[in-house]
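Trainee: The listed protein sequences correspond, in order, to chains A and B. At position 197 of the first sequence (counting the first as 1) the number is 197 in my numbering, and the numbers step up by one without a gap. At position 192 of the second sequence (counting the first as 1) the number is 192 in my numbering, and the numbers step up by one without a gap. C-beta: ideal position from N, C-alpha, C; glycine also.
Number of protein chains: 2
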Amino acid sequence: MSDKWDEGLDAAIGAPRPWSPGQREPYPLTVGPDDPFNCLNEVDLFADLSAEEMRAMDMMAPARMFRRGELVFSQSQPVTALFILKSGRVRIFRLTEDGKALTMAILEPGAVFGEMLLGGQRMYDNYAEAIEDAAICQLGVEDVERYLISDPRIAIRISRLLGEQVARMEERLTDLALRPLLARTASLLISLDAAAPSGRFGQGKAIRLTHEQIAGLLGATREATSKALADFAVKGIIRQGRGRITIQNAAALSSAAVSSGP
Amino acid sequence: MSDKWDEGLDAAIGAPRPWSPGQREPYPLTVGPDDPFNCLNEVDLFADLSAEEMRAMDMMAPARMFRRGELVFSQSQPVTALFILKSGRVRIFRLTEDGKALTMAILEPGAVFGEMLLGGQRMYDNYAEAIEDAAICQLGVEDVERYLISDPRIAIRISRLLGEQVARMEERLTDLALRPLLARTASLLISLDAAAPSGRFGQGKAIRLTHEQIAGLLGATREATSKALADFAVKGIIRQGRGRITIQNAAALSSAAVSSGP
DNA sequence: CCCGTTATGTGTCCACGTTTACAGAGCGGC
DNA sequence: GCCGCTCTGTAAACGTGGACACATAACGGG
Numbered sequence: 001m002s003d004k005w006d007e008g009l010d011a012a013i014g015a016p017r018p019w020s021p022g023q024r025e026p027y028p029l030t031v032g033p034d035d036p037f038n039c040l041n042e043v044d045l046f047a048d049l050s051a052e053e054m055r056a057m058d059m060m061a062p063a064r065m066f067r068r069g070e071l072v073f074s075q076s077q078p079v080t081a082l083f084i085l086k087s088g089r090v091r092i093f094r095l096t097e098d099g100k101a102l103t104m105a106i107l108e109p110g111a112v113f114g115e116m117l118l119g120g121q122r123m124y125d126n127y128a129e130a131i132e133d134a135a136i137c138q139l140g141v142e143d144v145e146r147y148l149i150s151d152p153r154i155a156i157r158i159s160r161l162l163g164e165q166v167a168r169m170e171e172r173l174t175d176l177a178l179r180p181l182l183a184r185t186a187s188l189l190i191s192l193d194a195a196a197p198s199g200r201f202g203q204g205k206a207i208r209l210t211h212e213q214i215a216g217l218l219g220a221t222r223e224a225t226s227k228a229l230a231d232f233a234v235k236g237i238i239r240q241g242r243g244r245i246t247i248q249n250a251a252a253l254s255s256a257a258v259s260s261g262p
Numbered sequence: 001m002s003d004k005w006d007e008g009l010d011a012a013i014g015a016p017r018p019w020s021p022g023q024r025e026p027y028p029l030t031v032g033p034d035d036p037f038n039c040l041n042e043v044d045l046f047a048d049l050s051a052e053e054m055r056a057m058d059m060m061a062p063a064r065m066f067r068r069g070e071l072v073f074s075q076s077q078p079v080t081a082l083f084i085l086k087s088g089r090v091r092i093f094r095l096t097e098d099g100k101a102l103t104m105a106i107l108e109p110g111a112v113f114g115e116m117l118l119g120g121q122r123m124y125d126n127y128a129e130a131i132e133d134a135a136i137c138q139l140g141v142e143d144v145e146r147y148l149i150s151d152p153r154i155a156i157r158i159s160r161l162l163g164e165q166v167a168r169m170e171e172r173l174t175d176l177a178l179r180p181l182l183a184r185t186a187s188l189l190i191s192l193d194a195a196a197p198s199g200r201f202g203q204g205k206a207i208r209l210t211h212e213q214i215a216g217l218l219g220a221t222r223e224a225t226s227k228a229l230a231d232f233a234v235k236g237i238i239r240q241g242r243g244r245i246t247i248q249n250a251a252a253l254s255s256a257a258v259s260s261g262p
């Protein structure tokens, strides 16, 4: 089993992981005190299900804790399941042969990921890493086939989700191809801000990502990203703190997202 | 209705269209002599349907001819339908404000495109242009909702198609972000070759695209693409003719697709 | 409070690819 | 067979962003 994928993995989780911040020291793992039977409540994929049905599905989805930095899946642990992120955040990314990485998405609680392709397809070359301690429910692929795909209500929602994902990726692709880093950074900040969970007390909304993580999403280096962000910061458009960014002037950001500069 | 989108459109179809080869002189349009009731035969989306059902669907999908260079849809002619490409080829692309374009896909006969998002979503910012004279069937969005989404057999196929598309786009995204042009070109040629229709008499398989069209797919300039292709040509890996490329040494191409060069 | 670890700020070089500007080559129409 | 248009080849100057190399600053645990 020590095949080519393991090489990639070894490189990926080796000491000087170039694609990710290093791991912290391990500390005891505890499954949270939360009710194990509420994985699906916040997941809009299952919004059409009755309370009864949801309980039944929940039964099949055991939760597991992942430590910060831990891989949820990879090539050596192939994805034969669908995951539901209960708490914490997960980063989906891909690697090239030479160890460089691009982040596909950073998932917030309630997200569903893994074997999205439904019916035979694989999520090739994708890795998932917990960037915070995370609780994740896991649904076996057989259950998925039996209960999700066959259910038209859920099938429709899956189509919709995938369709939205395609649209988002098309957007990202053109941005990456044709827009300068500054504009891309501005756009990304806007959508990250929209996706960010609002602060507990009304006004505390912030993007909780490091420059390195943002760079991973942009397909750029950490240095270039830092420079772009510093640029916005000195203009008062954003405000930076270690690992958190708050937007001060959304209008200026939007205009920075389009202006390519003559 | 002469809003901002029309500006983009005007720029897009103006005389010096930077994103596309110019149009040829118009010539008389004739709907082909083909049977109007065979749009769906080759479309695997409908593979599960009985002959009876397929005939019924066909009734709802009138065919139309598009001339080379003609736009199948755009912002000023919003997509409220699903299209089925019967003959000819279509290029799906996006524009940025400043008129630069990226090609999302070049579709061969049998492809389905348009309102893929099913249920409210729009195919934002996407344009479709016939790059050859094309016959295209068109299904109204109401029919799509009524007959396609509600049919579980088709819904599943849609999910699968979308899933595959997501996987392809993820691949493309990482390639664009992290791989040099030469490697990307090699990869693209390989997949184009796989997708290309084999010649009528066994051995005539060729990629029938101009450098400009390939550049559009790569997210690169025509010049840089030409250079990369010339590079492969002098090494005997490919063979070029005006608007057609044939692969001579597939193995060498594959290795060029991975070698990033130390 | 101190110290290791992790995140951020610069700064320099240079390669890849864009931009711009032309020149030749194949094909099609007249 | 000639002419025009579309494709392709080439080459210079430029610039964004990548690679590398440190310096500094904020955490956070002991």
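Starting from G45 of chain A, trace the beta strand (DSSP E) in both directions and tell me its first and last residue.
Mentor: Residue 45 of chain A sits at position 45 when you count from the first residue of the first sequence. Sequence check: residue 45 of chain A is Leu here, not Gly. Neither: L45 of chain A is in no beta strand (DSSP E) and is coded neither H nor E.
Trainee: Relative to the C-alpha of D143 of chain B, which candidate in B:A81, B:L107, B:D175, B:L85 has its C-alpha closest?
Mentor: Walking along the second sequence from the start, residue 143 of chain B turns up at place 143. Among B:A81, B:L107, B:D175, B:L85, the Cα nearest to that of D143 of chain B belongs to B:A81.
Trainee: Would you check if the distance between the CB atom of L181 of chain B and the CB atom of A220 of chain B is smaller than 8 Å?
Mentor: As a first step, residue 181 of chain B is located in the second sequence; it is residue number 181 there, counting from the start. As a first step, residue 220 of chain B is located in the second sequence; it is residue number 220 there, counting from the start. Yes, the Cβ-Cβ distance between L181 of chain B and A220 of chain B is below 8 Å.
Trainee: With distances taken between CB atoms, is the gap from A257 of chain A to S187 of chain A smaller than 8 Å?
Mentor: Translated into the one-based positions of the first sequence, residue 257 of chain A becomes position 257. Translated into the one-based positions of the first sequence, residue 187 of chain A becomes position 187. Taking 8 Å as the Cβ cut-off, A257 of chain A and S187 of chain A qualify as a contacting pair.
Trainee: Taking D48 of chain A as the reference, which of A:R157, A:M60, A:Y127, A:E132 has the closest Cα?
Mentor: Along the first sequence, one-based indexing puts residue 48 of chain A at 48. Considering only alpha carbons, the answer is A:R157.
Trainee: Are the Cβ atoms of P109 of chain A and E42 of chain A separated by less than 8 Å?
Mentor: Against the first sequence, residue 109 of chain A aligns to sequence position 109. Against the first sequence, residue 42 of chain A aligns to sequence position 42. A contact, by the Cβ cut-off of 8 Å.
Trainee: Could you spell out where the alpha helix (DSSP H) holding G163 of chain B opens and where it closes?
Mentor: Residue 163 of chain B sits at position 163 when you count from the first residue of the second sequence. The continuous alpha helix (DSSP H) containing G163 of chain B extends over residues 152-178.
Trainee: Name, going along the chain, the residues of the segment 129-154 of chain A whose beta-carbon falls closer than 9 Å to a beta-carbon of chain B.
Mentor: Answer in chain order: I149, S150, D151, P152.
Trainee: Looking at the secondary structure, which residues open and close the beta strand (DSSP E) in which G275 of chain A lies?
Mentor: A question about residue 275 of chain A goes unanswered here, because the residues of chain A that appear run from 1 up to 262.
Trainee: List the residues that DSSP assigns as beta-bridge partners of I190 of chain A.
Mentor: Position 190 of the first sequence, counting from 1, holds the residue named residue 190 of chain A. Answer is none; I190 of chain A lacks a bridge partner.
Trainee: Leaving out five residues on either side along the sequence, give the residues of the same chain with a beta carbon under 7 Å from the beta carbon of A228 of chain A.
Mentor: In the first sequence, the residue the question calls residue 228 of chain A occupies position 228. Closer than 7 Å at the Cβ level, and outside the excluded window around A228 of chain A, lie L181, L182, T185.
Trainee: So, with DSSP's three-state summary, where would you put T246 of chain B?
Mentor: The residue you call residue 246 of chain B lines up with position 246 of the second sequence. In the structure shown, T246 of chain B sits in a strand (DSSP, three-state: E or B).
Trainee: Looking at the ligand SAM, does it come within less than 7 Å of E170 of chain B, judged from the CB to the closest heavy atom?
Mentor: Absent from the structure shown: the ligand SAM. Ligands present: none.
Trainee: Less than 8 Å separating the beta-carbons of I245 of chain B and I207 of chain B?
Mentor: Numbered from its first residue, the second sequence carries residue 245 of chain B at position 245. Numbered from its first residue, the second sequence carries residue 207 of chain B at position 207. Their beta carbons are under 8 Å apart, which means I245 of chain B touches I207 of chain B by this criterion.
Trainee: What three-state label does DSSP hand G241 of chain B in the structure shown?
Mentor: Taking the second sequence and counting its residues from 1, the one referred to as residue 241 of chain B is at position 241. It is a strand residue.
Trainee: Give me the Cα-Cα distance between V112 of chain B and I92 of chain B, rounded to the nearest whole angstrom.
Mentor: As a working mapping, residue 112 of chain B is identified with position 112 in the second sequence. As a working mapping, residue 92 of chain B is identified with position 92 in the second sequence. Cα to Cα, the separation comes out at about 12 Å.
Trainee: For a contact defined as C-beta to C-beta under 7 Å, what are the partners of K100 of chain A on chain B?
Mentor: If you number the first sequence from 1, residue 100 of chain A lands on position 100. Within chain B, the residues near K100 of chain A are L178.
Trainee: Give the residues of chain A in contact with L40 of chain B, contact being defined as C-beta atoms less than 7 Å apart.
Mentor: In the second sequence, residue 40 of chain B corresponds to position 40, counting from 1. Ordered by position in chain A, no residue passes the 7 Å Cβ test against L40 of chain B, which lies about 19 Å from the chain.
Trainee: Measure the alpha-carbon distance for L176 of chain B versus A177 of chain A and round it to whole angstroms.
Mentor: For the purposes of this step, residue 176 of chain B is identified with residue 176 of the second sequence, where counting begins at 1. For the purposes of this step, residue 177 of chain A is identified with residue 177 of the first sequence, where counting begins at 1. Rounded to the nearest angstrom, the gap between the Cα atoms of L176 of chain B and A177 of chain A is 7 Å.
Trainee: In three-state terms, what does DSSP make of A206 of chain B?
Mentor: Numbered from its first residue, the second sequence carries residue 206 of chain B at position 206. If DSSP states are grouped into helix, strand and coil, A206 of chain B belongs with coil.
Trainee: Could you give the distance in angstroms between the alpha-carbon of S259 of chain A and the alpha-carbon of M169 of chain B?
Mentor: In the first sequence, residue 259 of chain A corresponds to position 259, counting from 1. In the second sequence, residue 169 of chain B corresponds to position 169, counting from 1. The alpha-carbon atoms of S259 of chain A and M169 of chain B are separated by roughly 26 Å.
Trainee: In three-state DSSP terms, what is S87 of chain A?
Mentor: Translated into positions along the first sequence, residue 87 of chain A becomes position 87. If DSSP states are grouped into helix, strand and coil, S87 of chain A belongs with the strands.
Trainee: Closer than 8 Å is the cut-off here; do at least three beta carbon pairs connect the segment 93-100 of chain A with the segment 56-70 of chain A?
Mentor: no
Trainee: Going along chain B, which residues have a C-beta under 8 Å from I158 of chain A?
Mentor: On the first sequence, residue 158 of chain A is found 158 positions in, with the first residue counted as 1. Within 8 Å Cβ-Cβ: S159.
Trainee: According to DSSP, I106 of chain A sits in a beta bridge with which residue or residues?
Mentor: As a first step, residue 106 of chain A must be located in the first sequence, where it is residue number 106. For I106 of chain A, which the question treats as bridged, DSSP gives the partners A:R91.
Trainee: Applying a beta-carbon distance threshold of less than 7 Å, which residues of chain B neighbour V72 of chain A?
Mentor: Taking the first residue of the first sequence as 1, we reach residue 72 of chain A at position 72. The premise fails here: V72 of chain A is roughly 17 Å from chain B at the closest Cβ pair, so nothing lies under 7 Å.
Trainee: Following the continuous alpha helix (DSSP H) through V234 of chain A, name the residue where it begins and the one where it ends.
Mentor: Residue 234 of chain A sits at position 234 when you count from the first residue of the first sequence. Residues 222-234.
Trainee: Taking 8 Å as the threshold (beta carbon to beta carbon), is R184 of chain B in contact with chain A?
Mentor: As a position in the second sequence, residue 184 of chain B is number 184, starting the count at 1. For R184 of chain B, not one C-beta of chain A is nearer than 8 Å to its own C-beta.
Trainee: Taking Cβ to Cβ, would you say L218 of chain A is nearer than 8 Å to T210 of chain A?
Mentor: Within the first sequence, the letter at position 218 stands for residue 218 of chain A. Within the first sequence, the letter at position 210 stands for residue 210 of chain A. Contact flag unset, no.
Trainee: If contacts are defined as beta-carbon pairs under 8 Å, then A130 of chain A and R68 of chain A qualify, I think. What distance do you get, rounded to the angstrom?
Mentor: Your numbering for residue 130 of chain A matches position 130 in the first sequence. Your numbering for residue 68 of chain A matches position 68 in the first sequence. A130 of chain A to R68 of chain A, Cβ: 6 Å. Contact.
Trainee: What are the residues that DSSP puts in a beta bridge with E129 of chain A?
Mentor: Position 129 of the first sequence, counted from the start, is the residue given in the question as residue 129 of chain A. A:L71, A:R91, per the DSSP bridge assignment.
Trainee: Between R55 of chain A and Q138 of chain A, what straight-line distance do the alpha-carbon atoms span, to the nearest angstrom?
Mentor: Locating residue 55 of chain A in the first sequence gives position 55, counting from the first residue. Locating residue 138 of chain A in the first sequence gives position 138, counting from the first residue. Spanning the two alpha carbons is a distance of roughly 15 Å.
Trainee: Going by DSSP, what residues sit across from V258 of chain A in a beta bridge?
Mentor: As a position in the first sequence, residue 258 of chain A is number 258, starting the count at 1. Paired residue(s): none; V258 of chain A is not in a bridge.
Trainee: Flag this pair as yes or no: are the beta carbons of R172 of chain A and L102 of chain B separated by less than 8 Å?
Mentor: As a working mapping, residue 172 of chain A is identified with position 172 in the first sequence. As a working mapping, residue 102 of chain B is identified with position 102 in the second sequence. It is not a contact, given that the beta carbons lie outside the stated cut-off.
Trainee: Nearest-angstrom Cα distance between A128 of chain B and Q248 of chain B?
Mentor: Position 128 of the second sequence, counted from the start, is the residue given in the question as residue 128 of chain B. Position 248 of the second sequence, counted from the start, is the residue given in the question as residue 248 of chain B. Distance between the alpha carbons of A128 of chain B and Q248 of chain B: 32 Å.
Trainee: Measuring straight from C-alpha to C-alpha, what distance separates I106 of chain B and Q75 of chain A?
Mentor: Start at 1 with the first residue of the second sequence, and residue 106 of chain B comes out as number 106. Start at 1 with the first residue of the first sequence, and residue 75 of chain A comes out as number 75. Approximately 31 Å, taken between the alpha carbons.
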